[in-house]
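Report on one structure; see the data block that follows.
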Amino acid sequence: MSENQGRADAPETHAAGPAAVFSSMEQVIRKAGVNRGLRALARLNQADGFDCPSCAWPDPDGHRAMAEFCENGAKAVASEAMKHTIGREFFARHSVEELARETDAWHDLQGRLAEPMLRREGASHYEPVSWDQAFAILAEELNALASPDEAVFYTSGRASNEAAFLYQLFARAFGTNNLPDCSNMCHESSGLALKQAIGVGKGTVMLEDFLEADVILCIGQNPGTNHPRMLSTLEAAVKRGAKLVAVNPLQEAGLLGFAHPQHVSAWLGRSTPLASTYLQVKVNGDMALLRGVAKQLVANDAADHGFLREHTIGFDIYQESLSDTGWEEIEELSGISRAAIAELAALMASGDRRVITCWAMGLTQHRNAVATIREVANVHLLLGAIGRPGAGLCPVRGHSNVQGDRTMGIFERMPEWFLAALEKQAGVPVPREHGFDTVDSIRAMHDGRAKVFFALGGNFAQATPDSTFTAEALRHCRLTCHVSTKLNRSHLVTGRRALILPCLGRSEDDRGRIVSTENSMGIVQSSQGRLPPASAELRSEIEIIAGMAEAVLGDRGRIRWRWLAEDYDRIRDWIEAVVPGFENYNERARKPGGFHLPNAARERVWHTPGGKAAFSDAPLDALRVAPGRFLLQTLRSHDQFNTTVYGLDDRYRGISGMRDIVFLNPQDLVEVGVKPGQRVDLTSHWHDGERHLTGLRAIPYQMPRGTAAAYFPEANVLVPVGHVAEGSNTPASKSIEISIRPSR
Ligand SMILES: Nc1nc2c(c(=O)[nH]1)N[C@H]1C(S)=C(S)[C@@H](COP(=O)(O)OP(=O)(O)OC[C@H]3O[C@@H](n4cnc5c(=O)[nH]c(N)nc54)[C@H](O)[C@@H]3O)O[C@H]1N2
Ligand SMILES: Nc1nc2c(c(=O)[nH]1)N[C@H]1C(S)=C(S)[C@@H](COP(=O)(O)OP(=O)(O)OC[C@H]3O[C@@H](n4cnc5c(=O)[nH]c(N)nc54)[C@H](O)[C@@H]3O)O[C@H]1N2
Ligand SMILES: [Mo]
38 MSENQGRADA
48 PETHAAGPAA
58 VFSSMEQVIR
68 KAGVNRGLRA
78 LARLNQADGF
88 DCPSCAWPDP
98 DGHRAMAEFC
108 ENGAKAVASE
118 AMKHTIGREF
128 FARHSVEELA
138 RETDAWHDLQ
148 GRLAEPMLRR
158 EGASHYEPVS
168 WDQAFAILAE
178 ELNALASPDE
188 AVFYTSGRAS
198 NEAAFLYQLF
208 ARAFGTNNLP
218 DCSNMCHESS
228 GLALKQAIGV
238 GKGTVMLEDF
248 LEADVILCIG
258 QNPGTNHPRM
268 LSTLEAAVKR
278 GAKLVAVNPL
288 QEAGLLGFAH
298 PQHVSAWLGR
308 STPLASTYLQ
318 VKVNGDMALL
328 RGVAKQLVAN
338 DAADHGFLRE
348 HTIGFDIYQE
358 SLSDTGWEEI
368 EELSGISRAA
378 IAELAALMAS
388 GDRRVITCWA
398 MGLTQHRNAV
408 ATIREVANVH
418 LLLGAIGRPG
428 AGLCPVRGHS
438 NVQGDRTMGI
448 FERMPEWFLA
458 ALEKQAGVPV
468 PREHGFDTVD
478 SIRAMHDGRA
488 KVFFALGGNF
498 AQATPDSTFT
508 AEALRHCRLT
518 CHVSTKLNRS
528 HLVTGRRALI
538 LPCLGRSEDD
548 RGRIVSTENS
558 MGIVQSSQGR
568 LPPASAELRS
578 EIEIIAGMAE
588 AVLGDRGRIR
598 WRWLAEDYDR
608 IRDWIEAVVP
618 GFENYNERAR
628 KPGGFHLPNA
638 ARERVWHTPG
648 GKAAFSDAPL
658 DALRVAPGRF
668 LLQTLRSHDQ
678 FNTTVYGLDD
688 RYRGISGMRD
698 IVFLNPQDLV
708 EVGVKPGQRV
718 DLTSHWHDGE
728 RHLTGLRAIP
738 YQMPRGTAAA
748 YFPEANVLVP
758 VGHVAEGSNT
768 PASKSIEISI
778 RPSR
């Protein structure tokens, strides 16, 4: 099918292979140039190089291949290492209004931000501003607030540990815990569910566990696109005899098979089949599926009774809720047959029960996300599949340092022990009242309770729910300020005044200094950029935070910001003094391969209120939509990193040259009354009203009836700001009730 530009062909049946290599090299050379691009790739994820800015999947401990990166890591580096820069001439040529009319892909192509820019009140264009003037404006606006709580300090997950620590220290020394971050929209539900269930908000497995697992579940995750390096791990596990079970409404190529781009066989057209079982669950049907698995495990008397007795609480009540749940309900809500569920339960209980469950946004972005992830934990507790080799829980993080940022205190609700330790180390009072998370921040800006918005990275205007409402919120601010590497929409949806502060990217030389990051499995490693900076005006994030802190706080608090920022070892010494697990930080961060942070649950020590791992007996439910309506999930294409759109292809799903599409079951197309490729209008429904997205092309795809899928961030206009996961306040970006009709 094709219309104007854009084509939909049959989806692929495996991921990577030679096409992945061609696609990444093309991007690298076109954007960064042969020299700069290949130099960057040579240092990517090497022990003495820089941490890949794409995903948070860990690097192999021992041998590293010469090219330890994937297609999408290469695209991320190409985008960051671009040789083109945009400064005063660019912004003089284009008004803010003009720039706002361009697409996200166009923004990314313009090049690296080169110098600090200011949009004055009422001005149509940005103009250059000196760093000192920029800091003075921040000081003027922040110090004019009636309360420090009228400021919001957002973080995206690329900030290094050192930058993140200094940043939260500044926000708290200034007097607020308003530290929302991208995690609030991402794995917040996992963090909360795991904290409740096992006492730590992180996963419990290491890379080596994948080499011992018998069964690996991959639920609500598309690793072929979003964690491509994970495919080599899965391939090795499957070749060794482990079974991979995929749970996903869509058949994703990266779960079906893999052709390792560094192996000759892939170039000969051979791939390794991956998932041996593929359960096309209904959107939001996972809790029912997992409860069905648990019910069957108990019926088979397959529970690990020794583990239950010694390590868990709440099993009795949970067992009652299992018997109270009927198979009909389980089948109806999950869309999976009882027989298939029984088979999965038998597989998981076979042999030594070395089971790993991996998951990502397909579980975290639903109203009942926390309950669903606790159901994952329930199943693992039943099997005793946690805290032993080859078994455990594996939330697969998104941004490369999102986990580290949280460890560093980027969180609106840090626990008392952290705040007390920070206060002691810094010698300044630290506020205790909880701050705003992402959704709260949007509301607070919208209704005037927050007036200054500052972002360390990210693209708040585009990543958040209800783009129209969020844009209004940002426009209500007195000042919006972004520390960024690339132009994005958040620079164009401004408060009364706006600043863009351009910073070094991870691939660039920061006068020889190193920073560090924590990956998805709790390994802390150093990262050192080597490329010459894209512009001489760029500063490191740490220098920018210190410059702002000095201007805003002056002598208040007596923290020597500049002294800390001069030598990052000093910041690491402070981190060591505040955060447990960072003993000899400076020395250990410099060791090749870094070091592991302690993880009590991995040792079967449970830091929960009851001192044991806890079952959850949350009532079983799934989002049901009104008759004739659809459940829409928003997902990533293969050619984007979150809001950064590299291109218009979604190769594995057979899509080229378009993003304005909605995937539907072929029979549902008939029901809506449209042909493949015909335009439809979507309306989302929530009790606060309706939102619209018009003119999407309907693309038939093998997926459960009644469900739909469209791309993030274009479909964010449809996500209601108030429809969030209970407990974690994460926007339910995968559970949007919509109606569909042919465009007129
Ligand atoms: N190249 C690249 N890499 C990335 C990113 C990127 O944008 N591009 N983003 C990074 C970030 S921040 C993150 S958080 C991760 C995101 O990684 P993913 O979570 O893999 O990203 P999504 O595209 O949101 O995919 C969600 C998957 O969940 C499935 N799904 C949706 N709803 C349900 C459901 O109800 N049940 C189940 N079982 N499945 C469901 C979708 O079909 C899809 O396969 O990737 C990180 N890595
Ligand atoms: N509908 C819907 N919405 C979603 C999601 C979804 O699945 N569906 N996913 C959610 C998820 S999982 C996440 S994590 C969020 C992501 O939300 P964000 O983290 O806010 O968004 P990104 O697109 O990752 O941010 C990209 C911008 O970061 C800047 N940047 C890149 N590298 C650096 C750097 O090294 N330093 C600095 N200072 N800036 C840098 C660039 O200017 C770039 O434009 O979006 C969420 N929103
Ligand atoms: Mo994320």
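Using my numbering, the final residue of the sequence shown is 781, and nothing's skipped along the way.
Glycine is no exception: its CB is placed at the ideal position from the N, C-alpha and C atoms.
Note that the coordinates shown come from a computational prediction; the quantities given were computed from them, not determined experimentally.
Task: Whole-angstrom C-beta distance between Thr522 and Leu150, which should lie under 8 Å - done: Right, their Cβ atoms sit about 6 Å apart.
- [ ] For Asp46, I'd like the list of residues in its chain whose CB is within less than 7 Å of its CB, leaving aside the five on either flank, ordered along the chain.
- [x] Correct list, in chain order: Gly691.
Task: Closer than 8 Å: Thr681 CB and nearest ligand 2 heavy atom - done: The answer is yes for Thr681.
Task: For Leu516, the first and last residue of its enclosing beta strand (DSSP E) - done: Taken as a continuous stretch (DSSP letters only), the beta strand (DSSP E) holding Leu516 covers 516-521.
Task: Run of the beta strand (DSSP E) containing Arg734, from where it starts to where it stops - done: Counting along the chain, Arg734 sits inside the beta strand (DSSP E) bounded by residues 726-737.
- [ ] Using alpha carbons as the reference points, say which of Leu524, Arg533, Glu545 lies closest to Gly148.
- [x] When only C-alpha atoms are compared, the closest one is Leu524.
Task: Segments of 3+ residues assigned as beta strand (DSSP E) that fall wholly inside the stretch 648-716 - done: As for any beta strand (DSSP E) of minimum length 3 sitting wholly inside the stretch 648-716, the runs are 667-672, 698-701, ordered along the chain.
- [ ] May I have all residues whose beta carbon comes closer than 6 Å to any heavy atom of ligand 3, sorted in chain order?
- [x] The filter returns Cys219, Cys223, Gly435, His436, in chain order.
TODO: Can you check the stretch 528-610 for any alpha helix (DSSP H) of at least 4 residues that lies completely inside it and give the ranges in chain order?
DONE: Qualifying alpha helix (DSSP H) stretches, in chain order: 578-590, 598-603.
TODO: Kindly confirm or deny that the stretch 507-519 and the stretch 211-229 touch, where touching means at least three C-beta pairs closer than 8 Å.
DONE: Contact check between the stretch 507-519 and the stretch 211-229: fewer than three CB pairs, one atom from each, fall below 8 Å, which does not count as touching.
- [ ] With a threshold of 8 Å, establish whether the CB of Glu555 neighbours any heavy atom of ligand 1.
- [x] Glu555: no, Cβ never under 8 Å from ligand 1.
Open item on the list: Just to confirm the assignment, what range does the alpha helix (DSSP H) spanning Phe211 have?
Closed with: Phe211 -> alpha helix (DSSP H) spans 198-211.
Task: Contact belief for Met558 with Pro95 at Cβ below 8 Å, rounded distance in angstroms - done: At roughly 5 Å, the Cβ-Cβ gap stays under 8 Å, so Met558 and Pro95 are in contact.
Task: Cβ-based burial, Gly238 [other Cβ within 10 Å; buried from 16] - done: Buried, since its Cβ has 16 or more Cβ neighbours within 10 Å.
Task: Cα-Cα separation between Glu453 and Gly464, rounded to whole angstroms - done: Roughly 16 Å between the two C-alpha positions.
- [ ] Between the Cα of Ser772 and those of Thr744, Pro750, Val754, spot the shortest distance and give me the residue it belongs to.
- [x] Among Thr744, Pro750, Val754, the Cα nearest to that of Ser772 belongs to Thr744.
- [ ] Pick helix, strand or coil for Thr270, following the three-state DSSP scheme.
- [x] Residue state, collapsed to three classes: helix.
- [ ] May I ask you to list the residues that DSSP assigns as paired with Leu430?
- [x] Paired residue(s): Thr394.
Task: Close Cβ partners of Arg434 (< 7 Å) along its chain, the five nearest in sequence each way excluded - done: Around Arg434: Ala93, His224, Gln440, Ser557.
Open item on the list: What I want to know is whether the C-beta of Met398 ends up closer than 8 Å to one or more non-hydrogen atoms of ligand 2.
Closed with: The answer is yes for Met398.
- [ ] Report yes if the C-beta of Glu117 is less than 8 Å from at least one heavy atom of ligand 2; otherwise report no.
- [x] Distances between the C-beta of Glu117 and the heavy atoms of ligand 2 include at least one below 8 Å.
Open item on the list: Quick check on the burial criterion: 16 or more other C-beta atoms within 10 angstroms. Buried or exposed for Glu71?
Closed with: Looking at the sequence shown, residue 71 is not Glu but Val. Looking at its Cβ environment, which holds fewer than 16 other Cβ atoms inside 10 Å, Val71 is exposed.
Open item on the list: Let me check you understand the geometry: is the CB of His403 closer than 8 Å to at least one non-hydrogen atom of ligand 1?
Closed with: Yes, ligand 1 has a heavy atom inside 8 Å of this Cβ.
- [ ] Please confirm whether Phe652 and Asn405 have their CB atoms less than 9 Å apart.
- [x] No, they are not a contact pair.
TODO: Kindly identify the DSSP beta-bridge partner or partners of Val476.
DONE: Beta-bridge pairing links Val476 to no other residue.
TODO: Look up Gly99 in the DSSP assignment and say whether it is helix, strand or coil.
DONE: Residue confidence is low: Gly99 scores 49 on pLDDT, short of 50, so the model does not pin down where it sits. No coordinate-derived value is stated.
- [ ] Could you pull out every unbroken beta strand (DSSP E) segment of at least 3 residues lying fully inside the stretch 301-370, listed in chain order?
- [x] With a minimum length of 3 residues, the continuous beta strand (DSSP E) runs that stay inside the stretch 301-370 are 312-316.
Task: Nearest-angstrom Cα separation, counted from Tyr355 out to Leu755 - done: Going by the C-alpha atoms only, they are around 36 Å apart.
Open item on the list: Could you check whether the Cβ of Phe344 sits closer than 8 Å to any heavy atom belonging to ligand 2?
Closed with: Outside the cutoff, so no.
Task: Range covered by the beta strand (DSSP E) that runs through Ala492 - done: Where Ala492 is concerned, the enclosing beta strand (DSSP E) stretches over 489-493.
Open item on the list: Quick test of your reading: Arg73 and Asp251, contact by CB under 8 Å. State the CB separation rounded to the nearest angstrom.
Closed with: Between Asp251 and Arg73 the Cβ distance is about 45 Å, and since that is not below 8 Å, they are no contact.
TODO: Would you tell me roughly how many angstroms separate the C-alpha atoms of Glu24 and Ser61, rounded to the nearest one?
DONE: This structure cannot speak to residue 24, because the chain is shown only from 38 to 781.
Open item on the list: Below 8 Å on the Cβ atoms is my contact criterion, and I expect Ala735 with Leu701 to pass it. Report the Cβ-Cβ distance as a whole number of Å.
Closed with: Contact flag correct, Cβ pair sits at about 6 Å.
- [ ] Determine the extent of the alpha helix (DSSP H) in which Gly291 is found, giving its start and end residues.
- [x] In the DSSP annotation of this structure, the continuous segment of the alpha helix (DSSP H) that includes Gly291 starts and ends at 290-293.
Task: Gly238 CB to nearest heavy atom of ligand 2 below 8 Å - done: No - ligand 2 has no heavy atom lying nearer than 8 Å to the Cβ of Gly238.
Open item on the list: Considering only the alpha carbon of each residue, which of Gly399, Ala762, Ile393 lies closest to Glu245?
Closed with: Nearest C-alpha to Glu245: Ile393.
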